[in-house]
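One rule links them: number in my numbering = place in the sequence shown (from 1) + 6.
Don't be surprised by glycine CBs; every beta carbon is placed ideally from N, CA and C.
The structure presented is a predicted model; accordingly, all values stated were derived computationally and were not measured.
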Amino acid sequence: GTGGLGAVLARHLVTERGVRHLVLAGRRGPDAPGAGELAAELAGRGAEVTLAVCDVSDPDAVGRLFAAVPAEHPVTAVVHTAGTLDDGLVESLTEERLSAVLRPKADAVWHLHRATRDLDLAAFVVFSSLAGTTGAPGQANYAAANAFLDAVARLRRDAGLPGLSLGWGPWVPTGGMTGALAEQDLERMSRSGTPPLTAEQGLALFDAALAQPRAAVLPARLDLAALRGRG
């Protein structure tokens, strides 16, 4: 995608990791806010960028997305960064509220897995959350979606395929999902023992995670003193 962490990562892939061909897929494609500017910026840095309209939670749309990739530039890596929140107590989570959070993560990653399992990929990376491992108040749906992502990464590794799930702690707001965080949210996270990552810290952890052998890791800042204080 082109919003929030997707844009941050796209810049990193081009400027620091030498990627020269990118397909940035999202439900709004080139009509997403900032998408055109991001594509132009990356093109100015030497990359060829395609802005694709694709609801990745729809398996048919995913199939069309991969079918449109030119043979001269086959898909060699997949990175999924999307996610959405709809927090609430468990008893308030209707089927619709569960689906709203599960579809862009669990459904989407499963369809990407099925679409690429016969491709010669160098990497299959999904952005999960610390909530999938530790849980989070009011986020049962989000925790479940991210736990599923961790399981898909392990499933792929067990099948001899590349798979890496990054269970991120919070990031300093960068737009998209994290852009809605207010200053009091960041302060609350810090008090709870998980201060947010800066973009520089997050990208350094992304690179480090790619170089290690585990299927699921938790790149996050932990304030051990604050965590001990919680008992």
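Can you tell me whether residue i is buried or exposed? The criterion is at least 16 other CB atoms within 10 Å of its CB, across all chains shown.
i      : result
Leu230 : exposed
Arg224 : The amino acid occupying residue 224 in the given sequence is Leu; Arg does not appear at that position. Leu224 is buried by the Cβ-count criterion.
His79  : exposed
Pro76  : exposed
Met183 : With a pLDDT of only 46 at Met183, under the threshold of 50, the placement of this residue in the model should not be trusted; the figure read from the coordinates follows. Met183 is buried by the Cβ-count criterion.
Gly185 : Its pLDDT being 48, under 50, Gly185 is placed unreliably in this model, and the coordinates cannot settle the point.
Leu95  : exposed
Thr200 : buried
Pro176 : buried
Ser171 : buried
Asp113 : buried
Gly235 : exposed
Arg162 : buried
Gly141 : exposed
Ala129 : exposed
Gly50  : exposed
Asp126 : exposed
Check each candidate in the options and name the one with the smallest Cα separation from residue i.
i      : options                       : result
Leu48  : Gly138, Leu136, Val14, Arg163 : Val14
Ala41  : Ser63, Ala129, Gly7           : Gly7
Ala31  : Gly52, Val68, Leu19, Thr140   : Val68
Thr87  : Phe133, His119, Asp124        : Phe133
Thr56  : Ala46, Pro65, Asp64           : Ala46
Ala121 : Leu71, Arg23, Leu172          : Leu71
Gly24  : Ala114, Ala215, Gly52         : Gly52
Ala150 : Val20, Ala74, Arg109, Pro202  : Arg109
Val131 : Asp213, Ala232, Ala226, Arg26 : Asp213
Ser105 : Ala146, Arg234, Arg34         : Ala146
Leu118 : Thr100, Glu101, Ala159        : Ala159
Asn152 : Lys111, Ala129, Leu125        : Lys111
Val29  : Thr21, Ala74, Asp64, Ala232   : Ala74
Arg17  : Glu101, Ala205, Thr100        : Ala205
Trp116 : Gln207, Leu127, Asp64, Leu211 : Asp64
Thr82  : Arg26, Gln218, Phe154, Arg33  : Arg26
Ala226 : Gln207, Phe154, Arg123, Arg33 : Gln207
Pro219 : Leu211, Ala232, Gly169        : Gly169
Answer yes or no: do residue i and residue j have a C-beta to C-beta separation smaller than 9 Å?
i      : j      : result
Tyr148 : Leu228 : no
Val62  : Gly89  : no
Gly9   : Pro39  : yes
Gly173 : Leu136 : yes
Val85  : Leu19  : yes
Val178 : Pro143 : no
Ala222 : Asp164 : no
Glu22  : Leu209 : yes
According to DSSP, what are the bridge partners of residue i?
i      : result
Gln145 : Gly94
Thr4   : Residue coverage of the chain in this structure runs from 7 to 237, which leaves residue 4 outside it and unanswerable.
Ala129 : Ala83
Leu170 : Val131
His27  : Glu54
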